[in-house]
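Numbering of the sequence shown is given in UniProt numbering, commencing with residue 1 and proceeding in unit increments.
Only one structure is covered here, and it is reproduced in the block below.
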Amino acid sequence: MLDRNGKKLAENYDYQQLGVNPSKLGTDTQKQESLELISEKYDISMAVIEDKLAQKWAKGDTFVPLKTLETTISHLEIADLPTGVLIGYTNKRHYPLGEATAHLLGYVGKVTAEDIKDKPYLTENDSIGRSGLEAAYDAQLRGRDGVSIVIVDEKKRTKQTLLKKEKVDAVDLKLTIDGQAQQIAFDSLKGKPATIVVSEPKTGQLLAAVSSPSFDPNKMVLGISEKEYQTYADNEDLPFMTRFTNRYAPGSTFKTITAAIGLDSGDITSTETLQINGLKWQKDASWGGFWTTRVKDTPNVDLKKALVYSDNIYFAQKALGMGENTFRNGLNRFIFGEKLDLPLVIESASISNEEKFCSEILLADTAYGQGELMIAPITQLTMYSVFMNDGSIVYPQLLQGKEVKLKKEVISEHAAKTVLTDLIDSVVSPDGYVYSLYNPNYTLAAKTGTAEIKEKQDTLGKENSFLLFFDAQNQRFMGLILSENARENGTAVEKAASIVDYLEETY
């Protein structure tokens with residue numbers, strides 16, 4: 001598998017293999033000393049070594065492999081190996097970017113008897129894609145040997161062909177991913193639970209899709225130890241979880257969609273100002289102990305201020321003014337309930353648990369990206385592509401050479417341009433929440449978001465932090481960053497500088 005620039009993301013690679021020649025290990029004492037030395041130096045238990053040497057065929061002048069080495073050892077180190085300890089080579093799958101592409105590409109593993117039963121063309125020495133794109137495109141990446149069954153005469157000339165299957169060559173898949181963007185995005189997360197997805201808005205081509213924390217796919221190929229696997233399994237931050245396909249409440253980035261629906265219905269205009277006092281609000285006493293809150297006490301709030309200062313009260317009031325039918329009809333124009341045409345397991349986005357909102361509170365809560373909304377980051381970014389495409393959604397792609405697929409006129413061109421223009425102030429204004437990313441040489445538009453998960457009102461819950469950003473000037477990239485439990489792990493904005501800088505300089 002190659003990235004968009006031809007850089008290898010997955011390859012077949014000749015690994016060094018540490019092994020022994022039983023006939024050259026010397027006397028019993030020399031043999032024991034040599035085996036104990038390599039056991040300690042290369043982290044191979046004596047029990048494993050003894051089991052391998054106990055195999056029936058492991059006799060005399062043969063090479064008995066003990067361990068495939070993750071990193072190449074030098075000629076000097078090879079020369080210094082004990083007598084009878086040798087280096088051989090074995091060809092296996094290798095992932096040059098390691099953890100940075102683990103969730104996207106997945107990994108291959110040894111075939112099992114069940115695999116061979118399901119796919120009789122496999123042999124016990126084969127590998128098979130176990131997850132990610134390796135699993136989705138296993139057949140194309142593998143190829144298949146040709147087979148002929150013929151009847152021949154005494155001179156071995158073919159008299160009759162009973163069966164012939166042509167050889168199917170393996171293919172190199174060229175992905176839309178930018179390997180350098182992928183690595184930069186992954187490094188910026190610093191092992192904290194978070195994800196970054198970046199795309200080209202005009203084509204839908206995904207430039208990066210990273211999830212953190214991650215795991216080393218090369219260890220999975222070479223044979224991960226029980227101790228190493230248990231370390232991953234015990235990690236509370238779930239390194240095997242693919243966060244860019246996992247569903248979350250989208251938080252305040254979703255206000256962009258609420259704003260667009262309101263602009264198209266006429267319930268929101270760019271010039272209207274709402275008078276809002278204080279940091280919390282409820283429609284009336286029927287809401288009981290539930291209050292909609294905001295973080296900035298701005299008395300006169302228009303659409304631009306509501307977006308830049310992320311005013312929950314403004315959007316709650318506007319959603320109630322629209323009413324459920326108008327708001328939900330606007331949402332249904334997006335891709336809720338649709339399955340994206342990607343070789344990834346992504347559960348469809350959903351608006352609410354039932355076909356109708358069960359209360360005005362849920363309607364208000366949904367307007368600012370909470371309530372029962374559940375959307376995977378890749379799906380979120382796809383929805384937000386309306387703001388870079390005059391109101392049309394451009395569907396995501398991972399393989400080069402595919403035609404652009406659109407869902408047209410999801411919102412109006414006017415609504416798309418109004419929201420995008422207003423979001424520029426989040427970056428250029430010193431009061432904007434994304435001012436730290438301001439660069440006078442580029443025009444970036446952005447929207448922060450927070451989705452709070454808490455047990456009850458008036459308590460601090462865990463906050464997932466989001467950042468949605470757009471190349472408003474050239475419209476060559478857009479991205480979404482999610483940071484889980486931001487109070488402990490840092491906000492999405494704090495993780496954005498490196499990837500935004502790279503994208504601005506490269507695209």
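Here a beta-carbon is modelled for each residue, glycine too, at the ideal position from N, C-alpha and C.
This structure is a prediction, so every number in the text was calculated from the model and none was measured.
Out of the options, which has the shortest C-alpha to C-alpha gap to residue i?
| i | options | result |
| --- | --- | --- |
| F244 | M1, L363 and E484 | E484 |
| F240 | K283, Y248, T195 and L222 | T195 |
| W57 | G109, S23 and H75 | S23 |
| T29 | L503, V386, P82 and G6 | P82 |
| A349 | N332, F357 and L362 | N332 |
| residue 523 | E355, V404 and N91 | Since the first residue of the chain shown is 1 and the last is 507, residue 523 is not available in this structure. |
| M383 | T326, M478, G191 and E36 | M478 |
| L133 | N353, R328 and V345 | V345 |
| E452 | T443, K462 and G179 | K462 |
| E70 | A136, Y89 and V500 | Y89 |
| D216 | R294, Q182 and A100 | A100 |
| T62 | K41, I378 and L86 | L86 |
| E200 | L373, Y395 and I375 | Y395 |
| N5 | A367, Q182 and M374 | Q182 |
| N246 | I375, E413, E154 and V198 | I375 |
| D264 | N329, K227 and V301 | N329 |
| R476 | G288, K356, S225 and L206 | L206 |
| I335 | E33, P120, Y121 and I411 | I411 |
| K255 | L25, T366, K356 and D138 | T366 |
| K7 | L76, G179, G223 and A102 | G179 |
| residue 521 | V301, A249 and A306 | With the chain represented from 1 up to 507, any question about residue 521 goes unanswered, as that position is not in the structure. |
Specify, as a first and last residue, the run of the beta strand (DSSP E) that residue i falls within.
| i | result |
| --- | --- |
| M478 | M478 to S483 |
| I453 | L444 to I453 |
| N464 | K462 to D471 |
What residues in its chain sit with their C-beta under 6 Å from that of residue i, if we drop five residues either side in the sequence?
| i | result |
| --- | --- |
| F466 | G251, T253, G449, L482 and A492 |
| G337 | S348 |
| L362 | G371 |
| A445 | L420, L423, I424, F470 and A472 |
| K280 | W291 and T293 |
| T443 | A472 and Q473 |
| V197 | A209, F244, P377, I378, L381 and L480 |
| K407 | I393 |
Could you tell me if the beta carbon of residue i falls within a distance shorter than 7 Å of some heavy atom in the ligand PLP?
| i | result |
| --- | --- |
| F290 | Absence of the ligand PLP is noted for the structure shown, with no ligands found whatsoever. |
Where does the unbroken alpha helix (DSSP H) through residue i begin, and where does it stop?
| i | result |
| --- | --- |
| T326 | E324 to L331 |
| S270 | Looking at the DSSP string, S270 is not in any alpha helix (DSSP H), and its letter there is neither H nor E. |
| V427 | E413 to V428 |
| N218 | P217 to L222 |
| I276 | Premise fails: I276 is in no alpha helix (DSSP H) and is neither H nor E. |
| S498 | A497 to T506 |
| R487 | A486 to N489 |
| A233 | E226 to D234 |
| K304 | L303 to V308 |
| T256 | K255 to S265 |
CB-CB under 8 Å to residue i, same chain, minus the five flanking residues each way: which ones, in chain order?
| i | result |
| --- | --- |
| R130 | G106, Y107, V108, G109 and M220 |
| D172 | M1 and L2 |
| P299 | Q275, I276 and N277 |
| G60 | P22 and S23 |
| L399 | L173, K174, L175 and T176 |
| G288 | none |
| G127 | Going by the sequence as given, residue 127 is Ser instead of Gly. Same-chain partners within the cutoff: K92, R93, V108, G109, K110, V111 and V221. |
Enumerate in chain order the residues of its own chain whose CB-to-CB distance from residue i is below 7 Å, with the five nearest sequence positions on each side excluded.
| i | result |
| --- | --- |
| E409 | G391 and S392 |
| G490 | K192 and S483 |
| L320 | K283, E360, L363 and A364 |
| V123 | A small fix is needed here, since residue 123 is Thr in this sequence, not Val. Excluding sequence neighbours, T123 sits near nothing in its chain. |
| I268 | A259, G262, L303 and K318 |
| I49 | L35, S39 and L66 |
| R487 | E463 |
| E413 | D390 and G391 |
| D138 | I128 and G129 |
Counting Cβ pairs closer than 8 Å, one from the segment 56-69 and one from the segment 9-26, do we hit at least three? yes
Would you call the segment 108-121 and the segment 37-47 touching, i.e. three or more CB-CB distances under 8 Å? no
Return the chain-ordered ranges of every beta strand (DSSP E) run that is complete within the segment 167-210 and spans a minimum of 3 residues. 194-199
How about the segment 1-16 and the segment 91-110: do they share at least three Cβ pairs that are nearer than 8 Å? Contact check between the segment 1-16 and the segment 91-110: three or more CB pairs, one atom from each, fall below 8 Å, which counts as touching.
Just to confirm the assignment: which complete alpha helix (DSSP H) runs, minimum length 4, are found wholly within the UniProt domain "Penicillin-binding protein dimerisation" (1-158)? Within the UniProt domain "Penicillin-binding protein dimerisation" (1-158), the complete alpha helix (DSSP H) runs of at least 4 residues fall at 28-41, 46-53, 75-79, 102-105, 113-118, 132-136 and 138-142.
Can you confirm whether the segment 272-280 touches the segment 419-431 when touching is taken to mean that 3 or more C-beta pairs between the two stretches lie within less than 8 Å? no
Meets three-Cβ-pair contact criterion under 8 Å: the segment 185-195 and the segment 209-221: yes
Give the list of continuous alpha helix (DSSP H) stretches no shorter than 4 residues that lie fully inside the segment 311-392. 312-322, 324-331, 360-367 and 377-384
Decide if the segment 292-312 is in contact with the segment 375-390; the criterion is three or more beta carbon pairs, one per stretch, under 8 Å apart. No, the segment 292-312 is not in contact with the segment 375-390.
Is the segment 226-234 close to the segment 409-419, with three or more CB pairs under 8 Å? no
Would the segment 393-408 count as touching the segment 489-506 if we require 3 or more Cβ pairs under 8 Å? no
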